[in-house]
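Participant:
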Ligand code: PLP
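Residue numbers (the numbering used here): 20 to 447.
See the structure below:
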């Protein structure tokens, strides 16, 4: 079967002349912003399809970080001298950029963290320790990344709370009836992934929030995989907490953000303590600082925050709607192409999904497939993707995951398909 989504030489039209969305963005123009992509790996042009693990960084981000170190390096919030003021202004401008990007009501509700993992740990530790007691329940889903399982589990052991897990069907869609039935008077928190890293499923957050809020239960959203690929508006989602990592949205590693409603954050105890998070200290007593500083103990990742702000501005300059439309078109193209290969089983076929092509082949172990793909210059992730319960659900050890970004092209998918043909040649 030949694919119908693309007419060779006419990127914006499918086989019957209809718009296919692939011309929403010119990825070849975009790629000029990412010099790292222009290189050979193992003698072949690099095809980078490991974007769910981490994305590449555009020059705008690299330049913002190097400009900070070249011209403005100083500690923030502490000095009256000019460099410190410049550093503070740029650091706080990053926070305001994040606020705007997620449509948060107030920049003070945006807390810089190391990434999604720290955002989840912060809420579990600070909110959980204050409000949870033995017998309480926290609801997560069967498709969570380990970082949205283990913090609740550790807390569960300490306090005696029970973790409830919403199952999903073979396509990777949550069983919403089961979710609704799980919500009860003992539920203290729902913590759910927006887009699954292993399956690509985009979960119905507004619907889940509505059901939880009807019982007065707060909702935390892990937006690590959604924020780089679609507009994320905390007010439209209705959630109470939302967290994400800079490095998955074209920003640097070591920085991310946690957004939370001010009234909840205000009442939560600090997560870590030390400098910056205090208003006054005596040996008898410490008065904590106001938001967001109460949760930002110690010297923060200043260059990271500035780089994150630059990543936000870069994404805004392209437009998240356009990015989402292009990546959806590329996902359709990839799904058709991979679907045509005998012996390739796509894992994660939800109606609502982002640009993740996870697959399994009986013929070869995912790690062997990954090695062959690497020899062809193709970077994919193989393994359980820090979502072991997802692998257990499908009774497979691991998958090969090709994950898309807006700098990927139909050529990248074609190269992947060709390399999979090579895997079939080798393993039969
Ligand atoms: N949540 C999801 C859905 C992820 O995909 C990841 C990373 O792969 C994380 C959380 C953890 O992100 P980080 O390692 O940046 O803290």
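Yeah, the Cβ is synthetic: ideal placement off N, Cα and C, and Gly gets one too.
Comparing C-alpha positions only, which one of 425, 438, 127 sits nearest to residue 343?
Facilitator: Ranking 425, 438, 127 by Cα distance to residue 343 puts 425 first.
Participant: Reducing DSSP to helix, strand and coil, say where residue 160 ends up.
Facilitator: Of the three classes helix, strand and coil, the one that applies to residue 160 here is strand, per DSSP.
Participant: Assign residue 32 to one of three DSSP states: helix, strand, or coil.
Facilitator: The answer is strand: DSSP assigns residue 32 an E or B state.
Participant: For ligand 1, is there a heavy atom less than 6 Å away from the beta-carbon of residue 31?
Facilitator: The answer is no for residue 31.
Participant: I'd like the span of the beta strand (DSSP E) that includes residue 306, first residue to last.
Facilitator: Per DSSP, residue 306 belongs to the beta strand (DSSP E) from 305 to 307.
Participant: Can you find a heavy atom of ligand 1 that lies under 6 Å from the Cβ of residue 134?
Facilitator: Yes.
Participant: Could you tell me how far apart the beta carbons of residue 368 and residue 190 are, in whole angstroms, since I believe they sit closer than 8 Å?
Facilitator: The Cβ separation is near 5 Å, so the contact holds.
Participant: Expressed to the nearest angstrom, what Euclidean distance is found between the alpha-carbon atoms of residue 428 and residue 185?
Facilitator: Straight-line Cα distance between these residues: approximately 35 Å.
Participant: Under 8 Å: do the stretch 89 to 107 and the stretch 59 to 79 share three or more Cβ pairs, one atom per stretch?
Facilitator: Touching, no.
Participant: Residue 207 and residue 151 look like a contact to me (Cβ under 8 Å); what is the Cβ gap, rounded to whole Å?
Facilitator: The pair is a contact, with the Cβ atoms about 5 Å apart (cut-off 8 Å).
Participant: Apart from the five residues just before and just after residue 315, which ones in its own chain have a Cβ nearer than 8 Å to its Cβ?
Facilitator: The residues are 130, 131, 295, 296.
Participant: Regarding residue 258 and ligand 1, is the C-beta to nearest heavy atom distance less than 6 Å?
Facilitator: Not under cutoff, so the answer is no.
Participant: Bridge partners for residue 59 per DSSP, in chain order?
Facilitator: 64, per the DSSP bridge assignment.
Participant: Check whether the stretch 111 to 129 and the stretch 143 to 162 are in contact - that is, three or more C-beta pairs closer than 8 Å.
Facilitator: The stretch 111 to 129, when compared against the stretch 143 to 162, does not touch it at the 8 Å Cβ threshold.
Participant: Name the residue from 286, 272, 307 whose alpha carbon lies nearest to the alpha carbon of residue 326.
Facilitator: Ranking 286, 272, 307 by Cα distance to residue 326 puts 272 first.
Participant: Under the rule that 16 or more other beta-carbon atoms within 10 Å means buried, what is residue 244, buried or exposed?
Facilitator: With 16 or more Cβ atoms within 10 Å of its Cβ, residue 244 is classed as buried.
Participant: For a test of the three-state rule: what should DSSP assign to residue 269, helix, strand or coil?
Facilitator: Of the three classes helix, strand and coil, the one that applies to residue 269 here is coil, per DSSP.
Participant: Return helix, strand or coil for residue 358, following the three-state DSSP convention.
Facilitator: Correct three-state label for residue 358: helix.
Participant: Once you ignore the five residues that flank residue 110 on each side, which residues in its own chain have a CB closer than 6 Å to its CB?
Facilitator: These residues qualify, in order along the chain: 95, 321, 324.
Participant: Just to confirm my understanding: we take residue 20, look at its own chain, exclude 5 residues before and 5 after, and list those with CB closer than 7 Å. What are they?
Facilitator: With a pLDDT of only 43 at residue 20, under 50, the local geometry of the prediction cannot be trusted, and the value read off the model is given with reservation. Closer than 7 Å at the Cβ level, and outside the excluded window around residue 20, lie 359.
Participant: What separation, rounded to the nearest whole angstrom, lies between the Cα atoms of residue 408 and residue 216?
Facilitator: Those two C-alpha atoms are separated by around 13 Å.
Participant: Can you give me the start and stop residues for the alpha helix (DSSP H) that residue 390 sits inside?
Facilitator: Residue 390 -> alpha helix (DSSP H) spans 385 to 394.
Participant: Can the beta-carbon of residue 388 be found closer than 7 Å to that of residue 436?
Facilitator: Against a cut-off of 7 Å, the Cβ pair of residue 436 and residue 388 comes out as no contact.
Participant: Report back the beta-carbon spacing between residue 164 and residue 212 to the nearest angstrom; my notes put them in contact at under 8 Å.
Facilitator: That pair is a contact at about 6 Å.
Participant: Assign residue 313 to buried or exposed, taking buried as 16 or more other Cβ atoms, counted over all protein chains shown, within 10 Å of its Cβ.
Facilitator: The residue in question, residue 313, is buried, as its Cβ has 16 or more Cβ neighbours within 10 Å.
Participant: In terms of residue numbering, what span does the beta strand (DSSP E) encompassing residue 300 cover?
Facilitator: Segment 297 to 300, the beta strand (DSSP E) holding residue 300.
Participant: If you reduce the DSSP assignment to three classes, tell me which class residue 495 lands in.
Facilitator: Residue coverage of the chain in this structure runs from 20 to 447, which leaves residue 495 outside it and unanswerable.
Participant: Mind checking which residues open and close the alpha helix (DSSP H) that includes residue 169?
Facilitator: Element bounds for residue 169: 169 to 174.
Participant: Flag residue 203 as yes when its Cβ comes closer than 6 Å to any non-hydrogen atom of ligand 1, and as no otherwise.
Facilitator: Checking every heavy atom of ligand 1 against the Cβ of residue 203, none is found closer than 6 Å.
Participant: Cα separation between residue 394 and residue 47?
Facilitator: Roughly 24 Å separates the two Cα atoms.
Participant: Roughly how many angstroms lie between the CA atoms of residue 136 and residue 37, to the nearest whole one?
Facilitator: Going from the Cα of residue 136 to the Cα of residue 37 covers about 42 Å.
Participant: Given 6 Å as the limit, tell me if residue 51 has its C-beta closer than that to any heavy atom belonging to ligand 1.
Facilitator: Because no heavy atom of ligand 1 lies under 6 Å away, the Cβ of residue 51 does not count as near it: no.
Participant: Under 8 Å: do the stretch 219 to 233 and the stretch 408 to 417 share three or more Cβ pairs, one atom per stretch?
Facilitator: Counting Cβ pairs under 8 Å, fewer than three are found: no touch.
Participant: Pull up the distance between the alpha-carbon of residue 439 and that of residue 333, whole angstroms please.
Facilitator: So the alpha carbons of these two residues sit roughly 34 Å apart.
Participant: Look at the alpha carbon of residue 195 and the alpha carbon of residue 230, and state the distance between them as a whole number of angstroms.
Facilitator: Their Cα atoms are separated by approximately 10 Å.
Participant: Could you tell me the distance, in whole angstroms, from the CA atom of residue 281 to the CA atom of residue 124?
Facilitator: Their backbone Cα atoms lie some 9 Å apart in a straight line.
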